[in-house]
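One structure is given here, and the rest of the page talks about it.
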Amino acid sequence: MSDRALSFGAVASAYERFRPGYPAEFAAAVLAYAGRPVRTALEIGAGTGKATRLFASRGIAVTATEPDGAMLAELCKHVPPDVETEQAALEDLRPHRQYGLVYAAAALHWTDPDRRWPRIAALLEPGGVFASFGGPVLVADPVVAQAIQGARASFLVTDEIPSPDGTPPGDDLQWPGTELLRSGLFADVRQVALPQRLTVRADQYVGLLSTVSAYLELPIPLREQAFQRIRQVLPETVDLITDTTLHLARRC
Ligand SMILES: C[S@@+](CC[C@H](N)C(=O)[O-])C[C@H]1O[C@@H](n2cnc3c(N)ncnc32)[C@H](O)[C@@H]1O
């Protein structure tokens with residue numbers, strides 16, 4: 009696993025504090041797609057448990073898996089005590105049992121593409137559902153976005169993560185829907201857009217940036233300088249577009 013994939017634990021409490029959570033509609037969309045009762049779920053890359061809580065609060069027995077011990081320790085503070093946890097990357101999981109739902113929130117792109125889909129399929133009951141959701145956090149006002157880009161330019165060209173399989177942004181079906189289709193292990197692949205907007209204070213926006221892997225890769229003094237420069241160009245509050253794309257599929 010790359011250092012960048014495991015960079016979040018160093019800022020686990022900031023991650024929990026500043027990253028937006030997921031609304032209840034996300035779980036509703038996944039469970040409506042399942043079309044049958046879902047009793048058990050395995051979460052890949054659960055982080056501090058933002059998506060764990062979504063499904064656990066629907067009475068589903070969730071097993072939250074996460075390779076980073078510091079993230080998992082933070083998760084344990086925020087999820088119901090009956091949530092099972094395992095410190096493991098997707099690549100470490102053995103299919104001792106199968107689940108009605110396997111899901112990942114903002115985590116799948118960190119997993120090893122080699123054997124990703126056979127691994128996930130082996131963790132699902134026949135007909136079980138796979139769900140992945142995530143998306144970039146964008147600044148809504150183009151003038152503010154441009155000012156941030158300028159302030160960041162000498163430290164980082166971009167803080168975005170490119171499509172893992174190179175799917176152009178304009179294509180109708182985006183990753184991981186593309187890979188799910190190609191794998192031949194899943195049927196009924198769907199992509200659903202879940203629009204979301206959020207307004208945060210300038211300091212909260214910088215707090216959010218402090219949990220983004222591209223910044224976490226910078227040496228600490230440079231990171232601090234970048235945040236100072238960005239903070240100087242921010243208005244009092246920042247409007248964010250946190251649209252999320254949900255991909256769904258059923259194990260054949
Ligand atoms: C951006 S965070 C998302 C955390 C959480 N799911 C959320 O939505 O807030 C990505 C998470 O993926 C985890 N991760 C990195 N590599 C992984 C792998 N190979 N298998 C599973 N999880 C991985 C990281 O440790 C991190 O907690």
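In terms of our numbering, the sequence shown is residues 9 to 260. Glycine included, C-beta positions come from ideal geometry on N, C-alpha and C.
- In this structure, the C-beta of glutamate 99 approaches ligand 1 to less than 7 Å from one of its heavy atoms.
- The secondary-structure analysis by DSSP pairs isoleucine 249 across a beta bridge with Leu146, Arg205.
- Taking all protein chains in view, the Cβ of valine 165 is surrounded by fewer than 16 other Cβ atoms within 10 Å, so the residue is classified as exposed.
- Within the DSSP bridge table, the entry for threonine 93 names Ala72 as partners.
- Distance from the CA of serine 15 to the CA of glycine 53, rounded to the nearest whole angstrom, comes to 13 Å.
- Assignment of arginine 124 by DSSP, reduced to helix, strand and coil, places it in the helix class.
- When secondary structure is reduced to three states using DSSP, tyrosine 30 falls in the coil class, being assigned neither helix nor strand.
- In terms of Cα proximity to glutamate 187, the closest of Ala161, Gly178, Pro126 is Pro126.
- For arginine 123, the shortest separation between its Cβ and any heavy atom of ligand 1 does not lie below 7 Å.
- Valine 220 sits in coil when the DSSP states are folded into three classes, being neither helix nor strand.
- Taking 8 Å as the cut-off, the beta carbon of alanine 59 is found no closer than this to the beta carbon of alanine 22.
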